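Here the structure is laid out as structure tokens; the discussion comes afterwards.
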Amino acid sequence: MIMELHELTIHQLHDLLVKKELTSREATEALYRRIGEADGKINAYLMLTEERAFRQADEVDRKIVRGEEIGDLAGIPIGLKDILCTKGILTTCGSKILGNYVPFYDGTVIRKLKEGEAVFLGKLNMDEFAMGSSTENSGFQTTRNPWNLDRIPGGSSGGSAAAVAADECIAALGTDTGGSIRQPASCCGVVGLKPTYGRVSRYGLVAFASSLDQIGPITKDVEDCAILLNGISGYDPSDSTSVNVEVPDYKRCLVSDVKGVRIGIPDEYFIEGMDPDVERSTKEAIDLFKKLGAEVKAISLPHTPYAVAIYYVICTAEASSNLARYDGVKYGFRSDRYEDLMEMYARTRSEGFGKEVKRRIILGTYVLSAGYYDAYYRKASQVRTLMRNDFEGAFKEVDVIVTPTAPTPAFRIGEKVEDPLQMYLSDILTIPVNLAGIPAISIPCGFSRGGLPIGLQIMGKHFDEGMLLRAAYTFEQNTDFHLKKPSLI
Amino acid sequence: MKMDIEKVAKLARLELSEEEKKTFGNQMEQILAYMEQLNRLDTTGVEPTSHAIPMVNVFREDEVKRSVSREEILEISPDQGDGHFKVPRIIE
């Protein structure tokens, strides 16, 4: 089989660069050609940064010619979710209110990737302020699922997952507040990892819900996931919630062996209304783990049914507070229809924010307002403790927990736009991970009868990304779902 | 619980159209009803979680470091003049 250049993974391209069989410029050109062919259908990119990309690529190529050693990410063309602040490059967060925002600084992950000499192809579409599960809430465009253009790519990192699936970048960064890396990875048949809260610095990530947000990799395989995680992890004094614990070399965790690994299966995740293909694929995946020598046992996470209710109190409360900063004074959009200050605030925010963002600000303002705080915010934070305790108890007995990533494959564009509660419920299996702050990965584990990808979620203990990668790598080495490509023609 | 949507919108500095008030109102009612299920749980004596990873205050040395220049900050603001952000008159 002859592989097209845009189909390469990080590790494959790195090997070719080192062997001088290909230059970073050639790879970057191939990716932009691919974007030219495919993105008219997919709408993954909000903006391309070609000039800078070729400059970055040429620098790496010169290094290779000089015989210098290069890092794993050097010269690798990647895409960035447009929620990450990039110095001198438009950063819209999928919102009209930041439609003209050009940051004067790089977020920490961007700085790290620049130090690692990665090539940035452009900025990827997302639900406005990362609020959504389909990219239909983007202030600019709806991204389509490469496997079926009538379907959503998932969200909020839908642009990132679709771009990786359609080979419009070698890998991408996404962010995950309630499933926004894992659910789109599941919908698009790629690998997505949400790290432990505090593993990756949030400095320069436009804030949605600060106690839940994490940046993570979206890649074509598990090895690439480990490589990109290596590139972005670590303590950062600029983010007081990043945690100062040692970061292992995640590539060393890529061991194809699960003998004796204890895998928990929580009954509560096999919810009513789950798609039968999803259930079947998940059970087959669990059987494979058993066959490979893992110890599989039933566990209980009894507070799972409360996850969505807790989440939509906490994330909207935090969002209403975080988004108070968009006032038309310091940066971003300002309405031109106002007489006085109050009118300027209200018009700027009402014209600048989209529907879902307004809905969440209103909900968050309400649950934090005098008289309702105890009934909603405090109560939800208490139930969050119970949910955390569920996981703590479970992880005394097992090393990882395996579930489906989403209850259904990608739904149709337009299907849930008018019904926010139904949209919220599509994240029911990913939200508990964020509430507990634990890491989780989604990997391809099958296809529906309609040909749509299905994702398997593996959750781990705090800072035990290594075990997730080991289990995921073992699964991948024994299956070929990750090698299947959508045919875009 | 029924939300006074106009009051909440005002607190949030949002101006809603009549249509938004109506659809949001209905949707809020539905969402808040869904959240009611939290009240089925007895949480007496349960400590609330505000961060999943327990953390104490983080301090750093009080050192002078390079910060962003006033020009860089003002350059991206919607309206500025004489080294300041410009907004409508606040005090009459």
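Chains as they are written, first to last, in the numbering used here: chain A, 31 to 519; chain B, 18 to 109. No residue lacks a Cβ here, since even glycine has one placed at the ideal position from N, Cα and C. Bear in mind the structure is a predicted one, so any value in this text is a computation, not a measurement.
Check the Cβ-Cβ distances between A:G228 and every residue of chain B, and say whether any is below 9 Å. yes
Of all the alpha helix (DSSP H) runs that stay within the bounds of the region 67 to 125 of chain A, which reach a length of 4 or more residues? 80 to 95
With distances taken Cα to Cα, identify the nearest neighbour of A:V277 among A:L61, A:A400, A:H492. Comparing Cα positions, the closest option is A:H492.
For A:A440, which residues in the same chain have their Cβ closer than 6 Å to its Cβ, ignoring the five residues on either side in sequence? N175, R181, I182, C217, L482
Close beta carbons around A:M161, own chain, < 8 Å, minus the five adjacent residues each side: N167, S186, F238, A349, E386, V387, R390
Residues of its chain near A:K93, where Cβ-Cβ distance is below 7 Å and the 5 sequence neighbours each way are ignored: I100
Less than 9 Å between CB atoms is the rule here; does B:D79 satisfy it with respect to chain A? no
Quick check on B:G100: does DSSP put it in helix, strand or coil? coil
Compare the C-beta of B:D96 with all C-beta atoms of chain A and state if any pair is closer than 9 Å. The beta carbon of B:D96 sits closer than 9 Å to some beta carbon of chain A.
Bridge partners - A:M489, DSSP secondary structure assignment: A:I431, A:A470
Is B:R83 close to chain A, meaning its C-beta is less than 9 Å from at least one C-beta of that chain? no
First and last residue of the alpha helix (DSSP H) that includes A:P133? Taken as a continuous stretch (DSSP letters only), A:P133 belongs to no alpha helix (DSSP H), as it is neither H nor E.
Which residue from A:R232, A:R408, A:G401 puts its Cα closest to that of A:V273? A:R232
Near A:K409, what residues of its chain come up, given a Cβ to Cβ distance below 7 Å and the 5 sequence neighbours on each side ignored? Result list for A:K409: empty, nothing under 7 Å.
Out of A:P516, A:Y396, A:G184, A:D457, which one is the CA nearest neighbour of A:P335? A:D457
Between which two residues does the alpha helix (DSSP H) harbouring B:I90 extend? 87 to 92
A:I245 by DSSP, collapsed to three states: which one? It is a strand residue.
Contained alpha helix (DSSP H) runs [length at least 4] in the region 25 to 87 of chain B, N- to C-terminal order: Those alpha helix (DSSP H) runs which fall completely within the region 25 to 87 of chain B and span 4+ residues are 35 to 52.
Please classify A:S36: is it buried, with 16 or more other beta-carbons within 10 angstroms of its beta-carbon, or exposed? Per the sequence shown, the amino acid found at residue 36 of chain A is His instead of Ser. The residue in question, A:H36, is buried, as its Cβ has 16 or more Cβ neighbours within 10 Å.
Cβ of A:G384 within 9 Å of Cβ of A:K126? yes
Just by C-beta distance, which residues in the region 30 to 45 of chain B are closer than 9 Å to chain A? R30, L31, E32, L33, S34, E37, T40, F41, Q44, M45
Below-9 Å beta-carbon distance, B:R87 vs any chain A residue: Interface with chain A (9 Å Cβ-Cβ cutoff): B:R87 is excluded.
Got a sec, what are the start and stop residues for the alpha helix (DSSP H) A:T165 sits in? No alpha helix (DSSP H) holds A:T165; DSSP gives it neither H nor E.
Does B:V75 pass the burial test, meaning 16 or more other C-beta atoms within 10 Å, or should it be called exposed? exposed
Within-9 Å CB hit, A:N352 to chain B: no
Beta-carbon neighbours of B:H68, restricted to chain A and to distances below 8 Å: Y227, S241, T271, G467
Once the 5 residues before and after A:A324 are set aside, which same chain residues still bring their CB inside 6 Å of it? V288, V291, I293
Tell me which same chain residues have a C-beta within less than 6 Å of the C-beta of A:P516, skipping the five on either side of it? P176, W177
Own chain residues within Cβ distance below 6 Å of A:A201, not counting five before or after: I40, I108, T249, D254, L258
How is A:F150 classed by DSSP in three states: helix, strand or coil? In the three-state DSSP reduction, A:F150 falls in the strand class (E or B).
Determine the DSSP secondary structure at A:K388, reduced to helix, strand or coil. helix
Are there three or more Cβ pairs, one per stretch, closer than 8 Å when the region 360 to 374 of chain A is compared with the region 151 to 165 of chain A? These segments do not touch.
When the Cα atoms are used, what is the spatial distance from A:G490 to A:T504? 15 Å
Contact with chain B by A:M489, beta-carbon distance below 9 Å: no
Leaving aside the five residues before and after A:K377 along the sequence, list all residues of the same chain whose C-beta is less than 7 Å from its C-beta, in chain order. For clarity, residue 377 of chain A is Arg in the given sequence; the question names Lys instead. Only S365, R367, Y368 meet the Cβ criterion.
Report the CB separation of A:Y280 from A:E147 in whole angstroms; it is logged as a contact under 8 Å. The pair is not a contact, with the Cβ atoms about 19 Å apart (cut-off 8 Å).
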